[in-house]
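Right, one structure below, let's go through it.
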DNA sequence: TCCTGTTTGATAGTTATTATCCACTGATAA
DNA sequence: TTATCAGTGGATAATAACTATCAAACAGGA
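Residue numbers (my numbering), protein chains in the order written: chain U, 1 to 147; chain A, 1 to 147.
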């Protein structure tokens, strides 16, 4: 989550052209805490940028991901979801509606190295699953797949 | 991972008809440790069952999942992958080739409960990521998406 | 063995994502 | 500021992974 100047510098450093679309996608994503899908970002952005194409959002998210500015979250609903926070953190995934909440807990950041023959481990993430506050209250409503 | 008699009993208990296809899919999956996709299972099974349909494999995996006999693994490659082991365990995911290895480590089974407002947590899983033995040796070969 | 509600197989449809192609633009040099 | 041009964006076709549909076949109880 970087401000506009930091973003500009990062693009320049990596020699990746900074276009209006890329800045717009990054800033929209940075401003949200709901792990939107590419489609969801597109829906939000097209209000301000009516000429924006969905394909561009996909390509931009991939570019940002390769630059290490955006993280991919694997949700139980197959659709990939994105997060502007790349710092180490963990997730709570609602098994009823698919909602993903960020968890920050240093105790989870340092886990015992498992013994996996030959595997060179570079990091880890913990997925907690259960029911989010909303679904815990209304257990019957199965809405899987929020956007 | 159950033997044929346990499977038969489980289906009877849950009042779910046990078909040849369901048994075949479950036994094929049980016999593999490579987290195959629906497509991959279909490819293996069609040799012994040429009339088997891919749609049936998808439907069967969903049925087994609902019965709690099969777990879904969210891999970085969007395609869902399955596992016959439902007991608590964790994964090491290779960021180069997509390989997923099972990790069993009781120290990872008991983690501190995170504070996520209102979230009713029922379980968790840890994903380690890095390079598998094969890819660690050949760092240049980027084969992402094994079947 | 017969009956009946489910399941299967074949296939069309859907959803998420990627590839293609050409006009256009951002970044550098003049 | 403008010219240049590799790289990007927009529109859309294509692909991949599922899912729905429906007639025919089957599983499990009578």
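Ideal Cβ placement from N, Cα and C applies to all residues, glycine included.
Annotation for residue 53 of chain U: no alpha helix (DSSP H) segment contains it, and DSSP assigns it neither H nor E. With its beta carbon less than 9 Å from one in chain U, residue 105 of chain A belongs to the interface.
Here residue 116 of chain U really is in contact with residue 92 of chain A; their C-beta atoms are around 5 Å apart, less than 8 Å.
For residue 103 of chain A, the enclosing beta strand (DSSP E) has its first and last residue at 100 to 103. When Cβ pairs closer than 8 Å are counted between the two stretches, the region 50 to 59 of chain U is seen not to touch the region 7 to 16 of chain U, the count staying below three.
Taking a contact to require three or more Cβ pairs closer than 8 Å, the region 22 to 35 of chain A and the region 119 to 133 of chain U do not qualify as touching.
Among the residues of chain A, those whose CB is under 8 Å from the CB of residue 108 of chain U are 111, 112, 114, following chain order.
Residue pairing by DSSP places residue 94 of chain U opposite U:130 in a beta bridge. An exposed status is given to residue 39 of chain U, since fewer than 16 other beta-carbon atoms sit within 10 Å of its beta-carbon. Out of A:32, A:124, A:99, A:121, the CA that lies nearest to the CA of residue 119 of chain U is found in A:99.
In this structure, residue 114 of chain U and residue 90 of chain A form a Cβ contact; the two beta carbons are roughly 7 Å apart against a cut-off of 8 Å. Under DSSP, residue 25 of chain A shares a beta bridge with no residue.
Residue burial is scored here from C-beta neighbours: residue 106 of chain U has fewer than 16 other C-beta atoms within 10 angstroms and is therefore classed as exposed. Closest in alpha carbon position to residue 103 of chain U, among A:102, A:103, A:121, is A:121. Interface criterion met: the Cβ of residue 101 of chain A is under 9 Å from a Cβ in chain U. Rounded to whole angstroms, residue 30 of chain U and residue 34 of chain A show a C-alpha spacing of 37 Å.
Excluding its 5 nearest sequence neighbours in each direction, residue 108 of chain U has C-beta neighbours in its own chain below 8 Å: 90, 126, listed in chain order.
For residue 106 of chain U, the enclosing alpha helix (DSSP H) stretches over residues 106 to 109.
Following the DSSP letters along the chain, one finds residue 6 of chain A inside the alpha helix (DSSP H) bounded by residues 4 to 13. When 8 Å is used as the limit between beta carbons, residue 11 of chain A is near no residue of chain U, the shortest such separation being about 24 Å. Within a 10 Å sphere around the beta-carbon of residue 36 of chain U sit 16 or more other beta-carbons, which makes this residue buried.
Between residue 14 of chain U and residue 67 of chain U, the C-beta gap is smaller than 9 Å, which places the two residues in contact. By alpha-carbon distance to residue 137 of chain A, the top candidate from A:112, A:123, A:96 is A:96. Nearest in C-alpha terms to residue 65 of chain A, of all of A:16, A:94, A:5, A:44, is A:16. Its chain contains 92 as the residues whose beta carbon lies nearer than 6 Å to that of residue 101 of chain U, once the 5 sequence neighbours on both sides are disregarded; these appear in chain order.
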